[in-house]
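Accompanying notes for the structure given below.
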Amino acid sequence: MSRPVRPALWRALALSCAIPGLLCRPALAQQVAAPFADAPPTRDGTIALSEITVSATGVPTPIATTGSSVTVLTSDVLQAQQIRTAPEALRQVPGLTVVQTGGAGGQTSVFIRGTNSNHVKVLIDGIDVNDPSTPNRSFDFSQLQTEDLSRLEVLRGPQSGLYGADAIGGVISFVTRRGEGPPKVTAFAEAGSYGTFNQGGRLSGASGIVDYAFSVQHLRQAALPVTPFDVLPPGVPLRTAFTDIRSVSTKLGAQLTDTFRLNYLLRFSDSAYLDQADGGFPYRPTPYRNLNDQQQLLMRGEAEWTPLPGFHNVFGANYATFDRLFAGPLDPLAPPTSSTTLGERTRFDYRGDVQLAPGHQLLFGAQREDERFQATGIDRSNGNTGGFAELQSAITDRAFLVANIRHDANDQFGGATTFRIAPSYTLPTTETRLKGSVGTGFKPPTLSQLYQDYPDFRFFGNPALRPEESFGFDAGFEQPLGERVLVGATYFETDFRNLIQTAYFPTFSTSVNVGRAVAYGAESFVAVTLTDTLSGRVDYTNTVTKDEITHQELLRRPRHKVSATAIWNPVPQLTLTGTLVAIGAFVDGNRDFSVPRLKNPGFTLVNLSANYAYSDTLTLFARIDNLFDQRYQNPTGFLGAGLAVYGGVRVTAF
């Protein structure tokens, strides 16, 4: 159902092949013990690999030594839960709200701690994938599959001090797997409800100085009801949604000498999504469907050089394209209509880290980035040059500090200086860990907001727009209760200024910097290891948001969210998991926003999975999603999937 890949993309694919992950895969036992990696050091002082973060500081750092709020999900946990897409994984993360318009391929937005969905910096193997072809430069998570992921990290709070533009609310970083050990082939296939048929395969290993990983993934969901019956006009039949997502990736590395290494990454995905079209005004579902097709190509090359012990350098270059096609409604009696947009981004970067003294590390770097947006009637570009420095210090064996500062010089609006400070201290005797952070963020206006005009609607771009800005802080604690229980809570608050909103004038409308908002609340959790084979965790997030101009609650930000996970190994070959996500009521508009504010009652989802390792080479698995067949809409006007059952097999050959 998707369009052919453009010849230029095939030529790029032929060159293929991805930066090795910064970390190796952890042991499964560590994964089962810590489904969310934010535990303190073990009794002997060691840190399990699943308790390491890279996104919080830019280099591998024990979570127990950083004050930032970060959640890490590892590949073995995702596989045990049989999570196939990024939105499924992110739903269980505290502080996050995931909004998806129906099926697996429906537009998916993520809100962090009440910030806007376009206030999230998204990275795949270090490549910025915020999409310049969209009006607000947000990333659509729907096309990202998880089969080749090593880990994903969610870093909450303003992060522009290290990451620059778009990190107003936080950073979500995906890291793919790196080849290691003898050659290994893994393949899986599963089928189930709504015409689902998914497959994937992976070849990886290392030989001599070379390591490699090749991956293919395919997700197909043929018939998911997305349009609620109560919005269908009389005589209009229900058209189910159809999803077809294909991905290929390659990751190569060559350790040429003890001090010099080369890395290369290529990733390509093609996502086709058919859903019921809306027509007229107010919009109403039509008998036909729309086609939304996205093709995404990511490439990165790196050279790592360590000329002296304790002094590491990385020189890198990225290229990314985001190619979108919209066609519809696909009415056989009407002339075909379609539109295309193209976004491109290139980046050249340098990062160095040097050990100043035992326990004290300096990280520094510079970047040059250029992005381009092309659509009907517009072909514009913009660039940014940035530099940053970060000090990471172990003041004592219990006191730690991370502080960074960054300056960006944007070709369009000039300079922006941002920072972040994150201390952490573990109290003696009680082993209470106190943590906190304070920082700033900014998001420059998009090329669409600056230059794109819609004359038919009397709407015009505004080249005088300034960046959106944020200031945020959080403070919290983590307390072990014996050897098997860990509890914690964190208060957070973020203020936003210069938010870009539409202003209406007598003869035209345009975007202006007039918005102000605040979001605050708390995240709390209890993590329990009941036995060596049974562990669980419960998270609760309370989020309050307010538009300080209209004094109204922001849309699609539920005040209450509960998530719970459990992993049980009753026998060594069998792994059982359970996940609960409960979303409280929130304010939303209806399907076409002809009713701009209404109350969505929220929903609760329960998922179960079972994995049975029949042998070293064969695993059987099954899962149930939405166990109690909860009928819900998120966003309003788009049905989520009801009760669904899936099963499949995974084969491994060495």
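Residue numbers (mature numbering (1 follows the signal peptide of the UniProt record, and there is no 0)): -29 to -1, 1 to 625.
For glycine and all other residues, C-beta sits at the position ideal for the given N, C-alpha and C.
Everything numeric in this text was worked out from a predicted model, so none of it was measured.
Candidates V30, G29, I34, of which the one nearest G407 by Cα: If we check each option's Cα against that of G407, I34 comes out closest.
8 Å Cβ cutoff met for Y425 and G447: Result no, Cβ atoms of Y425 and G447 do not sit closer than 8 Å.
Distance CB(residue 643)-CB(F344) smaller than 8 Å: With the chain covering only -29 through 625, there is no way to say anything about residue 643.
Where L174 falls: helix, strand or coil (DSSP): In the three-state DSSP reduction, L174 falls in the strand class (E or B).
Closest Cα partner of F442 within the set T397, A488, Q420, N484: Selected option, being the one with the closest Cα: A488.
For T228, the nearest candidate out of D215, A274, F252 (CA to CA): Of D215, A274, F252, the residue nearest in Cα terms is A274.
Buried or exposed (CB count within 10 angstroms, at least 16 for buried), T211: Under the 10 Å beta carbon count, T211 is surrounded by 16 or more other beta carbons and is classified as buried.
Where S(-28) sits in the DSSP three-state scheme: Reliability fails at S(-28), whose pLDDT of 41 lies under 50, so the model's placement of it is uncertain and no value is given.
Exposure of Q188, with buried meaning 16 or more beta-carbon neighbours within 10 Å: Buried.
Per-residue DSSP class, three states only, for A584: Look at A584 here: in three-state DSSP terms it is strand.
Under 8 Å between C-beta atoms of G357 and Q332: Their beta carbons are not under 8 Å apart, which means G357 does not touch Q332 by this criterion.
Distance, G619 Cα to R568 Cα: Computed Cα separation, rounded: 42 Å.
Any C-beta of chain D under 8 Å from that of Q188: The structure shown has no chain D; it contains just one protein chain.
Extent of the continuous beta strand (DSSP E) to which G323 belongs: Note, G323: beta strand (DSSP E), 309 to 328.
Through-space distance from V409 to G38, alpha-carbon basis: Rounded to whole angstroms, G38 and V409 show a C-alpha spacing of 10 Å.
Delimiting residues of the beta strand (DSSP E) encompassing G354: Residues 349 to 365.
Local conformation of T36 per DSSP, three classes: Correct three-state label for T36: helix.
Beta bridge counterpart(s) of P256 as assigned by DSSP: Looking at the DSSP assignment, P256 forms a beta bridge with D249.
Alpha-carbon to alpha-carbon, G77 and T607: Cα to Cα, T607 sits roughly 14 Å from G77.
Beta carbon of E361 nearer than 8 Å to that of G29: Going by C-beta atoms, E361 is nearer than 8 Å to G29.
Cβ neighbour criterion (16 or more within 10 Å) applied to G179: Answer is exposed; the Cβ neighbour count stays below 16.
Beta strand (DSSP E) segment containing V497, residue limits: From DSSP, the beta strand (DSSP E) with V497 extends over 480 to 502.
Cβ separation of V125 and I143, assumed to be a contact under 8 Å, to the nearest whole Å: 5 Å between Cβ atoms; contact.
Neighbourhood of Q63 by C-beta, 7 Å cutoff - its chain only, sequence neighbours within 5 removed: Counting only Cβ-Cβ distances below 7 Å, and skipping sequence neighbours, we find S534, T536, T550, V552.
Segments of 3+ residues assigned as beta strand (DSSP E) that fall wholly inside the segment 65 to 131: List check, beta strand (DSSP E) in window: 67 to 71, 79 to 83, 91 to 95, 120 to 127.
Pair within 8 Å by beta-carbon distance, P253 and V207: Between P253 and V207, the gap from beta carbon to beta carbon reaches 8 Å or more.
Beta carbon of R594 nearer than 8 Å to that of N578: Contact: yes.
Status (buried if at least 16 other CB within 10 Å, exposed otherwise) for R429: Counting every other CB atom within 10 Å of its CB across the protein chains shown gives R429 a total below 16, marking it as exposed.
CB contact flag (T117, A194, <8 Å): No.
Alpha carbon of V566 to alpha carbon of D559, nearest angstrom: If you take the alpha carbons of V566 and D559, they lie about 9 Å apart.
Collapsed DSSP secondary structure at S240 in the structure displayed: Residue state, collapsed to three classes: strand.
Those runs of the beta strand (DSSP E) which lie wholly inside the segment 173 to 241 and span at least 3 residues: DSSP runs (the beta strand (DSSP E)) wholly in the segment 173 to 241: 181 to 195, 212 to 226.
Straight-line gap, V325 to D249 (C-alpha atoms, nearest Å): If I take the Cα positions, the gap works out to 56 Å.
Collapsed DSSP secondary structure at F428 in the structure displayed: DSSP, read as helix, strand or coil, puts F428 in helix.
In DSSP terms, what A624 is bridged to: BP columns for A624 point to V156.
Proximity below 8 Å, CB of P199 to CB of L610: Contact: yes.
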